[in-house]
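This note's numbering puts the first residue of the sequence shown at 222, with every later residue one more than the last. Here the structure comes first, spelled out in structure tokens, and everything after it is commentary.
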Amino acid sequence: MKICVLGLGYIGLPTALLFAAHGADVVGIDVKQSVVDCLNHGNLPFREPGIEDLYREAKERFVARTEPEAADVFLIAVPTPLDPATKVSDLSYVKKAAGSIAPHLSEGDLVILESTVPPGTSERVVIPRLEKSGVAVGDFLYAHCPERAIPGRTLQEMTENSRIIGGYDRESTDRATSIYQTFVRGQIYQTDTRTAEFVKLMENTCRDVNIALANEFAQLAEECGINVWEAITLANKHPRVSILNPGPGVGGHCIAIDPWFLTENSTRCRMVSTAREVNDSMPNYVLHIARNLLAGARDPAISIFGVAYKGNIGDIRESPAFKFIQLAENEGYSVRCHDPYVEKFPYPLVDMADAATGSDCIVVLTDHDCFRAIDPAGLRMRSKFVIDARNILDHEKWTSHGFAVRVLGDGSSVQPVPLGEIMPPAGLYSTDTARTIASPSPPSISLLSPNGRGDFL
Ligand code: SAJ
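What follows is the structure in structure tokens.
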């Protein structure tokens, strides 16, 4: 079986290599000559756990090119960006990919769309372009098979997660199912094309709305003087409640984008767009905390720890760090950025010590695990403030080194503190949410850990 995979990005390349490692002859197509050259010289254009080993397994059956060619299966995994001004999906890459397949399409071939698209795109946009081949859908097979893999665990999730396959007809659905079954060990659920498109968008919108709720709870909890991390941990003890974590905003190419695909043609989707607004406003909220801490400071400098959109990866797509940096600079702060995972970023990246030296406030925007082990003793700050927007630091350690620690949603008052007063008044910035319970506590009573999370003492 020969498979032509169009788009060798974060989804297309791992998918192409998985098919090749499981016996298919795969031609990977990318419009970027640099990506094609990189792969044909044995290098990978981005990092992802396990992808180098997979490439070694797959390389005998994999070649990269810039133009598609005849194959039994065509798989489209190209980007579907959002127009930031109109919040409407840009389907130009999908249209171009479908158009480039048409000259090579024959009866009996299967075309699979993996790219995330608004509902109805297969019927209205993709299939008509494929039919320019002179072959009608039905004579060629067609399915939408949206990916469900999370960056950082892409290969594991592509193999183990269940999948939705929505075919144009029964034969298309069954053929696509049998092809994915070569490497997918998770359950495959079958449906029609339009439902598959809708389901994918529902999944990411559900996560976005849940995070927005957590972010709104964080702000409400602060107004009430409550630590939201403790509150969420306790609420999640209910068997049917599962609130996600607040943070400095939602990034990545999926959750910050896909909800707009669902609503772009609708006139009545208030909850989805409100959730987007809440999440997009979180950098402003974190900056508000910084502003209060640094009020009165002369030439204030902020050090950002973590510019990736989430922890333990170097992906900066739609990262909330962009908005935070722009807002901070517009307010007159000088900003230094440190991220051990990110290689390229539009702002200079420096090592941790340089980012901290002479700074007034560290703002942790990304939950990289390595940040948990930072030794604050080595940081030469001008003023010792730290805002932990992910609640990942060891707060006792930081306060013991003279830092005033402010955790997003910790419920402590956002009071201006004169710079130079390195140690805050006792309790003002305390993040210790453990309740005072006369010891020894009975074994049935669980105490929350100091950062209010679910890891019990
Ligand atoms: N985030 C929070 N609080 C949380 C969880 C996440 O603020 O409790 C933030 C993250 O820091 C990040 C953003 O949300 O900025 C999104 O991260 P994520 O890990 O939730 O999701 P993605 O975008 O990396 O991957 C998602 C996944 N979708 C779902 O979990 C429903 C993945 O399975 C999809 O394959 C992927 O989108 C996609 O390609 O659509």
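No residue lacks a Cβ here, since even glycine has one placed at the ideal position from N, Cα and C. If you're wondering where the values come from, they're calculated on a predicted model, not measured in any experiment.
Exercise for the section: State the CB to CB distance for the pair G630 and V430, rounded to an integer number of angstroms; the pair is presumed to be in contact (CB under 8 Å). Expected result: Going by Cβ atoms, the distance from G630 to V430 rounds to 18 Å, so no, they are not a contact pair.
Practice task
Starting from D413, follow its DSSP beta bridges and name the residues at the other end.
Solution key: G388
Exercise for the section: Could you say which of L239, F545, G244 lies nearest to A506 if we only look at CA atoms? Expected result: It is Tyr, not Ala, that sits at residue 506 in the sequence shown. If we check each option's Cα against that of Y506, F545 comes out closest.
Exercise for the section: Return yes when at least one heavy atom of ligand 1 lies under 7 Å from the C-beta of G355, else no. Expected result: no
Practice task
Kindly list the residues whose CB is nearer than 6 Å to the CB of F283, restricted to its own chain and excluding five residues on each side of it in sequence; keep chain order.
Solution key: Only A241, V247 meet the Cβ criterion.
Practice task
Give the single residue among H559, L586, K531 whose Cα lies nearest to the Cα of R374.
Solution key: K531
Handout entry: Option in R391, V563, I537, L514 with minimal Cα separation from I583
Key = L514
Exercise for the section: Flag this pair as yes or no: are the beta carbons of V456 and I464 separated by less than 8 Å? Expected result: First, the amino acid is wrong: residue 456 is Ala here, not Val. Yes. Within cutoff.
Problem - Separation of S383 from T657, as counted between CA atoms - result: Residue placement at T657 is flagged as unreliable, the pLDDT there being 26, under the threshold of 50; the coordinate-derived value follows with that caveat. A direct Cα-to-Cα measurement between T657 and S383 gives close to 45 Å.
Exercise for the section: Consider the C-beta atom of C445 and the heavy atoms of ligand 1; say whether any pair is separated by less than 7 Å. Expected result: no
Handout entry: Spatially closest choice to A574 from D560, R491, Q402, by CA coordinates
Key = D560
Exercise for the section: Look at the Cβ atom of S540, then the Cβ atom of G599, and state whether they are nearer than 8 Å. Expected result: no
Practice task
Would you mind giving the Cβ-Cβ distance between A298 and G244, rounded to the nearest angstrom? I have them listed as a contact below 8 Å.
Solution key: Cβ atoms of A298 and G244 stay farther apart than 8 Å, at about 20 Å.
Exercise for the section: Leaving aside the five residues before and after V420 along the sequence, list all residues of the same chain whose C-beta is less than 6 Å from its C-beta, in chain order. Expected result: I385
Handout entry: Exposed unless 16 or more other CB atoms sit within 10 angstroms - verdict on P637
Key = Because the pLDDT of P637 is 41, which lies under 50, any placement of that residue in the model is unreliable, and the question is left without a value.
Practice task
Name the one or two DSSP bridge partners that L303 has.
Solution key: S310
Practice task
Quick one: grab the DSSP three-state call for D609.
Solution key: strand
Practice task
Take S621 as the anchor and find which of S633, F606, N612, R611 has the nearest alpha-carbon.
Solution key: F606
Problem - Beta-ladder partner(s) of K223, from DSSP - result: D246
Handout entry: Simplified DSSP state of R350, which is helix, strand or coil
Key = helix
Problem - Contacts around S313, its chain only, beta-carbon distance under 6 Å, and the 5 residues preceding and following it disregarded - result: none
Practice task
Whole angstroms is fine: what's the gap from V347's alpha carbon to A518's?
Solution key: 56 Å
Problem - Alpha-carbon to alpha-carbon, S393 and P339 - result: C-alpha separation (whole angstroms): 20 Å.
Practice task
Sort out for me which residues DSSP pairs F726 with in a bridge.
Solution key: This structure gives no information on residue 726, because the portion of the chain shown stretches from 222 to 678.
Practice task
Run the CB neighbour count on A610, radius 10 Å, all protein chains shown included, and call it buried at 16 or more, exposed below.
Solution key: By the C-beta density criterion, A610 is buried, having at least 16 other C-beta atoms within 10 angstroms.
Practice task
Inspect the CB distances between the segment 494-502 and the segment 432-445 and report whether three or more fall short of 8 Å.
Solution key: yes
Handout entry: CA-to-CA distance, I322 to A285, given in whole angstroms
Key = Approximately 16 Å, taken between the alpha carbons.
Exercise for the section: Identify the continuous alpha helix (DSSP H) that holds F283 and give its terminal residues. Expected result: Premise fails: F283 lies in the beta strand (DSSP E), 283-286, not in any alpha helix (DSSP H).
Problem - Own chain partners of A439 with C-beta closer than 7 Å, once the 5 adjacent residues on each side are dropped - result: V449, P467, L629, G630
Handout entry: Touching by the beta-carbon criterion (3+ pairs, under 8 Å), the segment 396-403 and the segment 351-368
Key = yes
Exercise for the section: With a threshold of 7 Å, establish whether the CB of N389 neighbours any heavy atom of ligand 1. Expected result: The sequence given here has Tyr at residue 389, not Asn. The answer is no for Y389.
Problem - Cut-off 8 Å between Cβ atoms - residues of its own chain near P324, not counting five sequence neighbours on either side - result: S354
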